[in-house]
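Just so we're aligned: 113 in the working numbering is position 122 of the sequence shown, and the numbers increase by one with no gaps anywhere.
We treat Cβ as the ideally placed atom computed from N, Cα and C, and that holds for glycine.
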Amino acid sequence: VTIENDEETARAAAEIFSGFDEATQAKIDLRVTSALDEMKKLREAGEKFDIVFIDADKDNYIAYYDEAMAGLLSEQGVIMADNSLCALVYEEGDSRRDALHKFNQHVREDDRVEQSVLTVREGITIIMPKKN
C-alpha cells in the first residue's frame, strides 16, 4: 500500500508503476487520500506492515509514527522516516524544522524502540521495536 494525498503526484506515481512488470504492478495498491486517515482504517482492519516509510508533511510525522506503533507495524517491522535531518537545514522559525526536531525527540524518548539515523542526504531514521 502506498498513500499519496496529492492527485498530481499520485498520477505521476501511477505512470511510473505502469512501467513495471505485471507481477510487480499487482502488488502495488496506490491510494489517493489522507495518509493519517488511511493508516487508521488499515490499522482498524487489522492490517500489518513490515515496512512503514514516512515521507510526508513534516507537521504530522509524530502522528504517522504513533499510528504505525499503535498496531499497524508488524512485530518484526521497521519504520523509516525520511528527511529526519532536515531540522538542521530549514531556517529558524520554519514549522518543518520544529516539527522534525519534535519528531526526533519523540522517537528518542520512546522506550519501545531502537533507532539509528542514516546520514545520507537529508537523513533517514530507521526505527525498530525492541526485541523482548
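Distance, Cα to Cα, residue i vs residue j?
| i | j | result |
| --- | --- | --- |
| Arg87 | Ser9 | 33 Å |
| Gln67 | Thr15 | 23 Å |
| Ile117 | Ala90 | 18 Å |
| Ala36 | Glu29 | 10 Å |
| Phe40 | Asp57 | 14 Å |
| Glu100 | Ala17 | 39 Å |
| Asp50 | Leu76 | 14 Å |
What residue does the beta strand (DSSP E) around residue i start on, and which one ends it?
| i | result |
| --- | --- |
| Met71 | Leu64 to Asp73 |
| Asp28 | No beta strand (DSSP E) contains Asp28, which is instead part of the alpha helix (DSSP H) from Ala26 to Glu35. |
| Arg2 | That residue, Arg2, is in no beta strand (DSSP E); its alpha helix (DSSP H) goes Glu(-2) to Phe8. |
| Thr(-7) | Thr(-7) to Glu(-5) |
| Thr116 | Ile115 to Pro120 |
| Glu38 | Taken as a continuous stretch (DSSP letters only), Glu38 belongs to no beta strand (DSSP E), as it is neither H nor E. |
| Arg103 | First-last for Arg103: undefined, no H or E at that position. |
| Val23 | Leu21 to Val23 |
How far does the alpha helix (DSSP H) with residue i in it extend, from its first residue to its last?
| i | result |
| --- | --- |
| Asp57 | Tyr52 to Glu58 |
| Phe94 | Ser86 to Arg99 |
| Glu13 | Glu13 to Lys18 |
When we look at the beta-carbon of residue i and count the other beta-carbons within 10 Å, is it buried (16 or more) or exposed?
| i | result |
| --- | --- |
| Leu21 | exposed |
| Asn123 | exposed |
| Glu(-2) | exposed |
| Leu63 | buried |
| Phe11 | exposed |
| Lys32 | exposed |
Does the ligand SAM have a heavy atom nearer than 7 Å to the CB of residue i?
| i | result |
| --- | --- |
| Arg88 | Absence of the ligand SAM is noted for the structure shown, with no ligands found whatsoever. |
If I measure Cβ to Cβ from residue i and keep anything under 8 Å in the same chain, skipping five residues before and after, which residues do I get?
| i | result |
| --- | --- |
| Met71 | Ile42, Val43, Phe44, Ile45, Ile115, Thr116, Ile117 and Ile118 |
Less than 7 Å between C-beta atoms, sequence neighbours within five positions excluded: which residues of the same chain meet that for residue i?
| i | result |
| --- | --- |
| Lys121 | Arg103, Val104 and Glu105 |
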